[in-house]
Amino acid sequence: MGIFDYFKSKAEPSSASVAKDRLQIIVAHERTKRQQPDYLPQMQQEIIDVIRKYVQIGSEDVQIQLDNTDECSVLELNVTLPDQ
Amino acid sequence: MAKIIVVTSGKGGVGKTTSSAAIGTGIALKGHKTVIIDFDVGLRNLDLIMGCERRVVYDFVNVINKEATLSQTLIKDKRTKGLFILPASQTRDKDALTIEGVQEVLEELSKEFDYIICDSPAGIEKGAQMALYFADAAIVVTNPEVSSVRDSDRILGILQSKSKRAEEGKEPIEEHLLLTRYHPERVALGEMLSVSDVEDILAIPLLGVIPESEAVLKASNQGTPVILETESEAGLAYTDAVDRLMGEEKPLRFLEVQKKGFIKRLLGG
Ligand SMILES: Nc1ncnc2c1ncn2[C@@H]1O[C@H](COP(=O)(O)OP(=O)(O)OP(=O)(O)O)[C@@H](O)[C@H]1O
Ligand SMILES: [Mg+2]
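Quick mapping for you: the protein sequence lines, in order, are chains E and Y.
Here full-length UniProt numbering is used: the first residue of the first sequence is 1, the next is one more, and so on.
Here full-length UniProt numbering is used: the first residue of the second sequence is 1, the next is one more, and so on.
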C-alpha cells in the first residue's frame, strides 16, 4: 500500500465494507425469493400472458412479490405499461 | 442414538474435508465413538487427509449395494481411539447413493456410534443434499469472501427446507458457522470480511474461526488431521471449536494481527 493509497482509502470505503453491503443486499433478496411459494413464477407468467392480450409488455415489466406479515399476506403486483 | 453432523458449504474448496477430519478427531479424543463418512462420491479425499488411503478396501457404495458389510468397510483410525472412517466410492456414477441406502447405513451406524460426521461434497445439488438430509446439526464452513458467504446462505436455505427434519416438521437442524482461512492482517487492512461482518450477514451462531495456516497444508501432506498439530494455531482453533460444539464456553483467539518474529515466520507458525 503506497502513501497515495493511504489517502485514498480515507475517502473511499474499504473493499471489505463494499463486499458486506453487496452481500447484505443479495442475501436478503435471495431469502425473500426462497420464502415465496413455488407457484409464484408460474402465476407471474400467466398474469403476463393475460396482460399481453391487451397491451404489449415485456416479462420484466411485471414485478410480483408476496409479503407475509403476522396478520395477512399481501400480493404486490407492479405492472409498467408502455407510453401511449 | 448417534448425533449426525453434516459439514457443508455450498462452495467448493473452502475446507470441509479439513474440518471434518479435524472435528471428527477432536470429538473422538473426548471419548465419544465417532465415524466420519466421506459423501464425496467420485472425489474421495478424506482418506488422504486422515492418512488411511492405503487401507481402503471397500467403500460406502459397496455397503449400500450389500457387496460388503459395514465392519469390513469401516477403517479404524490408527492414532485416535474410537475413531473410524467410511471412505467414499471412486465410482463415476453420481447416483450410486440413494436416500434409502444412506438411511439404512446411518441407522446401522447409529446403533454403534455416538457421533456421525458427514463430509459433504461441494455444490447445492443432489450430492450435497444427500449428505445433509438426515442431519441433526450442520457445520457451515465459510471463507470470508463474497461467493462463499452467499453459497453458505443458500445451503442454509436447503437445510431449512430440504432436510428430513424440515420435511417432517421436526425441530430444525442446529446450525453452526465455522469461518475458515481467516487472515487477521487482511481484515485489519479492510481487504477481507471480518468475523462480525459474516456473522451479521448469515445470522447463525459462530462455532469457531480457523486462521489461514501453513500447518493445514503440512498436516495434509502427512495425512494427519490438523487438530493433532497442537503447536499450530489452526489445530488449537479446531480444538476450541470442538469444545464449543460440546457446549463449553471458549473465547475466540487468533483474531488479532500478530507481529511475527523472523524465526517464527521461518517456521511458519
Ligand atoms: N485454515 C486453512 N489454512 C490454510 N489452508 C487451508 C485451510 N483450510 C483449508 N485449507 C486448504 O484449502 C484446500 C481445500 O480444503 P478442503 O479439501 O478441506 O476443502 P473442501 O471444502 O473439502 O473441498 P471440496 O469442496 O473440493 O471437497 C486444501 O488445499 C487445504 O489444505
Ligand atoms: Mg472435500
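C-beta: ideal position from N, C-alpha, C; glycine also.
Neighbourhood of Q24(E) in chain Y, by CB distance below 9 Å: D200, I201, in chain order.
C-alpha of Q56(E) to C-alpha of P82(E): approximately 8 Å in a straight line. The alpha carbon of P41(E) has as its nearest neighbour, out of A28(E), E60(E), I25(E), the alpha carbon of E60(E). Taking a C-beta distance under 9 Å as the contact criterion, L245(Y) and I27(Y) qualify as a contact pair.
Chain order gives no chain Y residues near K53(E), where near means a beta carbon separation below 9 Å; the closest approach is about 36 Å.
Within chain E, the residues placing a beta-carbon under 9 Å from that of R150(Y) are L23, I26, V27, E30, ordered along the chain. The closest heavy atom of ligand 1 lies 8 Å or more from the beta carbon of E53(Y). In the structure shown, P37(E) falls within a coil segment according to DSSP collapsed to helix, strand and coil. For ligand 2, no non-hydrogen atom lies closer than 8 Å to the CB of D47(Y). Cβ atoms of I85(Y) and D114(Y) stay farther apart than 8 Å, at about 16 Å. At least 9 Å separates the beta-carbon of A96(Y) from that of R44(Y). DSSP, read as helix, strand or coil, puts A137(Y) in strand. In terms of beta-carbon proximity, E191(Y) lines the interface with chain E, with at least one pair separated by less than 9 Å. Fully enclosed beta strand (DSSP E) runs of no fewer than 3 residues occupy 3 to 8, 34 to 38, 83 to 86, 115 to 119, 137 to 142 of the UniProt domain "AAA" (2 to 157) of chain Y, in order along the chain.
Here the distance from the Cβ of R181(Y) to the nearest heavy atom of ligand 1 is below 8 Å. Collapsing the DSSP output to three states places P211(Y) in a strand.
If you ignore the 5 residues before and after V102(Y), its C-beta comes within less than 8 Å of the C-beta of I64, M130, Y133, F134, all in its own chain and listed in chain order. Our two residues, E231(Y) and A219(Y), have alpha carbons roughly 12 Å apart in a direct line. Assignment of Q222(Y) by DSSP, reduced to helix, strand and coil, places it in the helix class. Around the beta carbon of N143(Y), a 10 Å sphere encloses 16 or more other beta carbons of the protein chains shown; the residue is thus reported as buried.
Straight through space, the alpha carbons of Q24(E) and A241(Y) are spaced by roughly 26 Å. Distance from the Cα of A138(Y) is smallest, within the candidate group S147(Y), I117(Y), K126(Y), for I117(Y). Look at E46(E) here: in three-state DSSP terms it is helix. Residue range 195 to 202 is occupied by the alpha helix (DSSP H) that includes S196(Y).
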